[in-house]
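Once you know that position 120 of the sequence shown is 120 in full-length UniProt numbering, the rest is easy, because the numbers rise by one and skip nothing.
We treat Cβ as the ideally placed atom computed from N, Cα and C, and that holds for glycine.
All figures in this text were calculated on a predicted structure; none of them were measured in a lab.
Some notes on the structure that comes next.
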Amino acid sequence: MSKHVFAGLVAVVAVAAAVVAGVVLTQQPAVEDWFDSNAAQGQFEGKSKEEIQAALNEEVAKGMMNISIAAVITFPDGASEGEARIENIAANPMDQKVTIALKDGDEVVYESGAIAPDQHIQNIKLSRDLEPGEYAAVATFTGYDRETHKKTGQAAAEITLRVEG
1 MSKHVFAGLV AVVAVAAAVV AGVVLTQQPA VEDWFDSNAA QGQFEGKSKE
51 EIQAALNEEV AKGMMNISIA AVITFPDGAS EGEARIENIA ANPMDQKVTI
101 ALKDGDEVVY ESGAIAPDQH IQNIKLSRDL EPGEYAAVAT FTGYDRETHK
151 KTGQAAAEIT LRVEG
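Below is the structure:
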């Protein structure tokens, strides 16, 4: 066998090996090979329904945020304080900040600083003097991790701002 024929044969074998290796390495495992054959459906044996429910409730509670604000905030005039009754209830696991924006135009007319759990803001003053009338608004509560101050979620409520005179 000549050197050229042998070199050509080696090259063909090398290319074939590379193709086979590429196909094997890029294939996804079959479904039956992906899951552990010893895995059983459901929770581990011996766990009571109450234990399962308690664990689920705990996970849900970590992600929940309760919000509390007056449905209608009345201001004697656009430059006065109104009773908002914004509360971060003691059961909340996060700090909260609140913004109030007019639905018509999305203008923010109130922003709070952080409110810790079990704190409240009784009265607020708007960032600008609104003319007398009723204004549809949205109060957005943003939750923040108590240690890192990273945003954890948001919840909103539709409210009414009433400016009397």
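Return helix, strand or coil for residue i, following the three-state DSSP convention.
i	result
Ala156	strand
Lys103	coil
Leu56	helix
Asp118	coil
Asp95	strand
Glu50	helix
Throw me the rounded Cβ distance for the residue i and residue j pair, which I believe falls under 8 Å.
i	j	result
Phe75	Glu164	7 Å
Thr160	Glu134	6 Å
Cβ atoms of residue j and residue i: under 8 Å apart, would you say?
i	j	result
Met94	Asp145	yes
Ala70	Glu83	yes
Lys97	Gly113	yes
Ala90	Asp129	no
Ile86	His120	yes
Report the partner residues of residue i according to the DSSP bridge assignment.
i	result
Gln138	The sequence as given places Val at residue 138; Gln does not occur at that position. In the DSSP output, where bridge partners are listed per residue, Val138 has Ala101 and Glu158.
Glu81	Lys125
Thr74	Arg162
Ser68	Glu87
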